[in-house]
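End of the sequence shown sits at 417 in the working numbering; the numbers just go up one at a time, nothing left out. Heads up, the thing below is written out as structure tokens.
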Amino acid sequence: MKAVMISEGIYHIGANIQNGDLFEGLWPIPDGVSLNSYLVQGEKTALIDLMRDWNDAPLTLEKELHRLNVEFDAIDYLILNHMEPDHTGWMNGFLERNPGCQIILTKRAEPILKEFFGVTENVRVVKTGDTLDLGKGKELLFVEAPNVHWPETMVTYEKSSRVLFSCDAFGSYGCLDDAVFDDQIDDEKHAFYEKETLRYYANIVASFSSFVIKAIDSMKDLEIDVIAPSHGLIWRENPGAIIDRYRKYAAYAQGPAEPEITVIWGSMYGNTQSILKSVIQGIRSENVPVHVHQVPNEDPSYALASAWKSTGIVCGMPTYEYKMFPPMAYVLDLFERKHVFHKKVFRFGSFGWSGGAQKEFDTRTEKLKWDFMAPVEWQGRASEEIHELARQRGRELAREVKKLCGGE
10 MKAVMISEGI
20 YHIGANIQNG
30 DLFEGLWPIP
40 DGVSLNSYLV
50 QGEKTALIDL
60 MRDWNDAPLT
70 LEKELHRLNV
80 EFDAIDYLIL
90 NHMEPDHTGW
100 MNGFLERNPG
110 CQIILTKRAE
120 PILKEFFGVT
130 ENVRVVKTGD
140 TLDLGKGKEL
150 LFVEAPNVHW
160 PETMVTYEKS
170 SRVLFSCDAF
180 GSYGCLDDAV
190 FDDQIDDEKH
200 AFYEKETLRY
210 YANIVASFSS
220 FVIKAIDSMK
230 DLEIDVIAPS
240 HGLIWRENPG
250 AIIDRYRKYA
260 AYAQGPAEPE
270 ITVIWGSMYG
280 NTQSILKSVI
290 QGIRSENVPV
300 HVHQVPNEDP
310 SYALASAWKS
320 TGIVCGMPTY
330 EYKMFPPMAY
340 VLDLFERKHV
350 FHKKVFRFGS
360 FGWSGGAQKE
370 FDTRTEKLKW
380 DFMAPVEWQG
390 RASEEIHELA
400 RQRGRELARE
410 VKKLCGGE
């Protein structure tokens, strides 16, 4: 990925990760992810956010700096907005090339720098409102953004160009090609990034939604012309669009979300699956959008994103050895970790010699603040009466979702 000028003296320097790895060792990124660093040049030079030694990212960084006639040892300041290893993993390699560089971070980041990398020298701690004058009109302002999504996170704002370097806030999955700005891509590509922004948010940021709102509010007095995140598109034509999108995603945590329903299902021998079509028929009879995810065939990352924006959830799974079908138990564990709260929920499922799934389902969802409809369970093959009851529950759920979202 070639270095791209954002404004006079400010450049994006990125590396695409497309090696099939999982993000955070957990989330699939079939379309990769970009690692975005930024160079700000005045009389002094600052590099904002580093990279992990991942898929030769530091080599890409070095090549693109070289194209700008900048060597590592010419960088005066390394700004660490966030200490997670995808932004800092190559720290010791960088400092071998530039041992005199001053590192700028928050107070909460300082002990992490020491414990992760053993670095204690040439460190400057900053807080909200502190600035760094680089000369030639370039001045950086620092604003703490705790828990978006680690406690030590901050954002950096360049005053003259009105560029906000937002770290993980306002980011997304997906590699960047030669088009790195929001005004360089077509509607189809925008739809792709919107989908991957939602999945990134649900996977990475959702647990901290209240802090996202606080962070956005803390930046309300900044005049922002460009948002430059650590992953994904740079927003220069309409930076307000990605801010509004994140505010909307954060608001889903309190519900209601969108007037949609996510169906997550798994089946052992087809008995639970046999009812799936009837449930979906009932939902669609009320003209409510429905998103269907099968586990374990599909990674829960996608179901999590879909459920985050849906007001209604359907869980379909059989009893497995007196408990829930294990892949569904994993999904519910993720839902609790990511705070998928305040949903209208219906559960259906078959059992063989004995039930038990519903009991574990009730226990595992106690903290989710869900509003439940009566479940539908049956032994063995489902009768036509069970099919009709499932269609009825689907219709009832869809009507409740529309009511909660201010519809009919």
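The C-beta atom is built at its ideal place from N, Cα and C for all residues, glycine as well. The model shown is predicted, which means the values in this text are computed figures rather than measured ones.
Is residue i buried or exposed, if buried means 16 or more other CB atoms sit within 10 Å of its CB?
i, result
"N296", "exposed"
"H396", "buried"
"W362", "exposed"
"H75", "exposed"
"P31", "Residue 31 is actually Leu in this sequence, not Pro. The residue is exposed, with fewer than 16 neighbouring Cβ atoms inside 10 Å."
"N64", "buried"
"Y278", "exposed"
"P120", "exposed"
"D58", "buried"
"F179", "buried"
"A200", "exposed"
"D196", "exposed"
"F217", "buried"
"D187", "exposed"
"V157", "buried"
"E375", "exposed"
"E167", "buried"
"D371", "exposed"
"E205", "buried"
"S181", "buried"
"A407", "buried"
"N14", "Correcting the residue identity first, residue 14 is Met in this sequence and not Asn. By the 10 Å Cβ count, M14 comes out exposed."
"A383", "exposed"
Is the shortest distance between the beta-carbon of residue i and the beta-carbons of chain D less than 7 Å?
i, result
"V79", "Here chain D cannot be found, since the structure has a single protein chain."
Hey, residue i and residue j are a contact pair by Cβ (cut 8 Å); roughly how many whole angstroms apart?
i, j, result
"G109", "N131", "7 Å"
"G183", "G41", "7 Å"
"N25", "S239", "The pair is not a contact, with the Cβ atoms about 13 Å apart (cut-off 8 Å)."
"L185", "S43", "5 Å"
"I225", "R254", "With 8 Å as the limit, I225 and R254 do not qualify as a contact, their Cβ atoms being about 11 Å apart."
"A91", "A215", "In the sequence under discussion, the amino acid at residue 91 is His, which differs from the Ala named in the question. That pair is no contact at about 17 Å."
"I19", "L56", "Not really, about 12 Å apart at Cβ, beyond 8 Å."
"M60", "T115", "The pair is not a contact, with the Cβ atoms about 20 Å apart (cut-off 8 Å)."
"S175", "A260", "So it is not a contact: roughly 19 Å between Cβ atoms."
"E394", "Q367", "Contact doesn't hold; Cβ gap of about 19 Å is too wide."
"I292", "G403", "4 Å"
"L377", "F357", "Their Cβ separation, rounded to whole angstroms, is 18 Å, which puts L377 and F357 out of contact at 8 Å."
Leaving out the 5 sequence neighbours to the left and right, which residues in its chain are closer than 6 Å to residue i when beta-carbon positions are compared?
i, result
"E232", "R171"
"T137", "V152 and E153"
"S287", "H396, A399 and R400"
"D139", "F151"
"G51", "L143, G144, K145 and K147"
"P336", "G275, V304 and P305"
"I322", "T271, A316, K352 and V354"
"L341", "R373"
"A314", "L207, R208 and A211"
"Q282", "S276"
Which stretch, first to last residue, makes up the beta strand (DSSP E) that contains residue i?
i, result
"F355", "K353 to F360"
"E2", "Residue 2 cannot be examined here, being either before or after the span of the chain that is shown, 10 to 417."
"E386", "V385 to Q388"
"V189", "Where V189 is concerned, there is no enclosing beta strand (DSSP E), given that its DSSP letter is neither H nor E."
"F174", "V172 to C176"
"S16", "V13 to S16"
"T115", "Q111 to T115"
"H21", "I19 to I26"
Pull up the DSSP beta-bridge partners for residue i, would you.
i, result
"K332", "Y329"
"H477", "Residue numbering for the chain in the displayed model covers 10 to 417; residue 477 lies beyond these limits and cannot be assessed."
"T54", "Q50"
"E148", "D142"
"N37", "In the sequence as presented, Asn is not what sits at residue 37; that position holds Pro. Its beta-bridge partners are L31."
"M163", "E153"
"Y210", "DSSP, once it has assigned bridges, lists no residue as partnering Y210."
Once the 5 residues before and after residue i are set aside, which same chain residues still bring their CB inside 8 Å of it?
i, result
"A250", "D191 and W244"
"K11", "E73, R76 and D187"
"S294", "R400, G403, R404 and A407"
Residue i: beta carbon under 6 Å from a heavy atom of the ligand SAH?
i, result
"M10", "The ligand SAH is absent from the structure shown, which contains no ligands of any kind."
Please list, in chain order, all residues of the same chain as residue i whose beta carbon is under 7 Å from its beta carbon, the five residues on each side excluded.
i, result
"S448", "Residue 448 lies beyond the range of the chain shown here (10 to 417); nothing can be said about it."
"G34", "none"
"D82", "R106 and N107"
"G102", "D62 and P67"
"W379", "K352 and V354"
"Q111", "D85, Y86, N131 and R133"
Assuming residue i is part of the alpha helix (DSSP H), what are its boundary residues?
i, result
"N101", "M100 to R106"
"K123", "A118 to F126"
"Q282", "Q282 to R293"
"I395", "E393 to L413"
"A314", "P309 to K318"
"R254", "P248 to A260"
"L70", "A66 to R76"
"I225", "S218 to S227"
"A366", "A366 to R373"
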